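Chemist:
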Amino acid sequence: MSTKMYPMQFEPILKERIWGGEKLQTLLNKPITSKITGESWELSTVEGDVSLIANGDLKGKSLSEIINESPNEVLGTAVYARFGKQFPLLFKYLDAREDLSIQVHPNDKLAKERHNSFGKTEMWYVMQADTDARIIVGFKEDSSKEEYVENLNNKTLISILDDVKAKQGDVFFLETGTVHAIGAGLVVAEIQQTSDITYRLYDFDRTDAQGNKRELHVDLALDAINYKKTDTYKKYAKVANASNAIVDCSYFTTNFIPLQGEVQVDKNGETFTVYMCTEGNFEIEIEDKKYSYKKGDTILLPASVNKFVLNGNASLLEVYIS
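Note that my numbering has the sequence shown beginning at 3, numbered continuously upward.
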């Protein structure tokens with residue numbers, strides 16, 4: 003491909019959800035058309051939901067197309083060597099007007115065997131939290147399959163799950179197998195493996211507009227759940243103009259950058275970098291060109307864009323694969 007690579011934004015893929023609301027528009031300026039919009043998929047190559055470039059010379063092309071044409075330039079040499087022409091991560095913003103279902107995601111082995119998919123290790127960065135908003139993450143104490151099934155059948159599952167208050171800036175890292183639910187009143191940025199495999203355990207007996215309950219996946223989940231108590235909360239530093247490590251796992255690295263002014267960035271071409279702007283405004287300067295961004299924007303910097311300047315006053319999540 004002869005087109006020079008540049009910072010790319012993508013058309014948001016908006017998803018109605020029974021638990022969704024309107025904050026993706028009011029807080030993040032997404033072009034929602036429904037009062038129950040739960041998700042904005044910012045960067046995706048999930049089948050049927052492939053992101054389209056919204057800016058620049060490659061506008062209208064899909065993320066899959068440009069990876070196929072220029073894998074090393076887009077993904078980076080190390081990412082291409084490891085994953086082939088697959089974009090291994092999925093980036094979303096979520097608005098939970100109501101509690102999400104209690105759910106779990108399978109690990110790579112189970113997901114490959116059952117669905118020919120990656121597993122779904124993920125993290126949440128809380129962008130906005132109503133008073134007393136909380137999330138469910140794992141078990142209060144070590145549990146067992148038997149105790150879990152008994153409580154599920156008695157509709158007392160919540161009593162053995164860990165219920166944690168959540169506030170703006172909190173980060174939760176959820177390895178596969180962790181039972182979880184985002185609670186009502188939260189807007190989160192979600193970074194995860196490219197997978198749309200979710201096992202729904204309990205949905206509070208909700209029904210949709212037609213009176214139908216959503217499908218549960220109780221049997222599939224039994225072998226996917228980690229019944230041990232897990233620590234999901236991540237503490238991290240907030241040093242200005244520095245990449246403060248939050249999560250560093252084999253699937254992705256996420257740093258927090260409190261940007262106050264100018265930061266020079268020099269990459270090695272081995273991985274793409276994604277910035278999610280969770281607060282404020284900033285610019286990316288490449289040679290003599292400036293690109294402007296605001297809260298709620300998600301930007302893909304192809305691996306071949308390896309020298310640039312961040313400039314502005316913003317809170318950024320910086321994500322890549324190491």
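All residues carry an ideal CB built from backbone N, CA and C; glycine is no exception.
None of these values were measured; they are calculated from a predicted model.
Could you give the distance in angstroms between the alpha-carbon of valine 190 and the alpha-carbon of leucine 102?
Modeler: Looking at the two C-alpha atoms, the distance is approximately 12 Å.
Chemist: Decide yes or no for the touch test of the region 133-142 against the region 59-72: beta carbon pairs closer than 8 Å, at least 3 of them.
Modeler: The region 133-142 is not in contact with the region 59-72.
Chemist: Just to confirm, is the Cβ distance from serine 197 to lysine 122 under 7 Å?
Modeler: Their beta carbons are under 7 Å apart, which means serine 197 touches lysine 122 by this criterion.
Chemist: Could you give the distance in angstroms between the alpha-carbon of glutamine 88 and the alpha-carbon of asparagine 156?
Modeler: 42 Å
Chemist: Can you tell me whether DSSP reads arginine 136 as helix, strand or coil?
Modeler: Look at arginine 136 here: in three-state DSSP terms it is strand.
Chemist: Cβ of glutamate 49 within 6 Å of any heavy atom in the ligand FAD?
Modeler: Looking for the ligand FAD in the displayed structure turns up nothing, as the structure carries no ligands at all.
Chemist: Secondary structure at methionine 10, three-state DSSP: helix, strand or coil?
Modeler: strand
Chemist: The alpha helix (DSSP H) with leucine 327 in it runs from where to where?
Modeler: Within the shown structure, residues of the chain are numbered from 3 to 324, placing residue 327 beyond reach of any answer.
Chemist: Does the distance from the CB of isoleucine 227 to the CB of glycine 179 come in under 7 Å?
Modeler: yes
Chemist: Whole beta strand (DSSP E) runs in the region 52-100 with 3 or more residues, listed along the chain?
Modeler: The region 52-100 contains these whole beta strand (DSSP E) runs: 91-98.
Chemist: What do you reckon, are the CB atoms on threonine 275 and tyrosine 322 nearer than 7 Å?
Modeler: yes
Chemist: Am I right that serine 306 and methionine 7 are in contact with their C-beta atoms under 8 Å? What's the rounded C-beta distance?
Modeler: Right, their Cβ atoms sit about 5 Å apart.
Chemist: Just mark asparagine 257 as buried or exposed, buried being the case when its beta carbon has 16 or more other beta carbons within 10 Å.
Modeler: By the neighbour-count rule (16 or more Cβ atoms within 10 Å), asparagine 257 is buried.
Chemist: Would the beta-carbon of methionine 125 fall within 7 Å of that of valine 48?
Modeler: No.
Chemist: Ends of the beta strand (DSSP E) at asparagine 155?
Modeler: Run containing asparagine 155: none in the beta strand (DSSP E); it sits in the alpha helix (DSSP H), 147-155.
Chemist: So is threonine 158 in contact with chain C if we call contact Cβ pairs under 7 Å?
Modeler: Of the chains in the structure shown, none is chain C; there is only one protein chain.
Chemist: Mind the definition here: the region 300-314 touches the region 282-292 only if three or more C-beta pairs lie below 8 Å; say whether that holds.
Modeler: yes
Chemist: Between which two residues does the beta strand (DSSP E) holding alanine 191 run?
Modeler: 188-195
Chemist: Under 7 Å, do alanine 56 and phenylalanine 12 count as touching if we go by C-beta distance?
Modeler: yes
Chemist: Could you give the distance in angstroms between the alpha-carbon of leucine 222 and the alpha-carbon of histidine 117?
Modeler: 11 Å
Chemist: Please give the ranges of any alpha helix (DSSP H) in the region 211-280, keeping only runs that are unbroken, at least 4 residues long and fully inside the region.
Modeler: 220-224
Chemist: Does the beta-carbon distance from aspartate 97 to lysine 25 come in below 7 Å?
Modeler: yes
Chemist: Give me the Cβ distance between leucine 188 and threonine 234, rounded to the nearest whole Å; I'm assuming they're in contact under 8 Å.
Modeler: At roughly 15 Å, the Cβ-Cβ gap does not stay under 8 Å, so leucine 188 and threonine 234 are not in contact.
Chemist: Who pairs with glutamine 130 in a beta bridge, going by DSSP?
Modeler: Val189.
Chemist: Among Ile34, Ala244, Gly86 and Tyr201, which has the Cα closest to the Cα of valine 106?
Modeler: Tyr201
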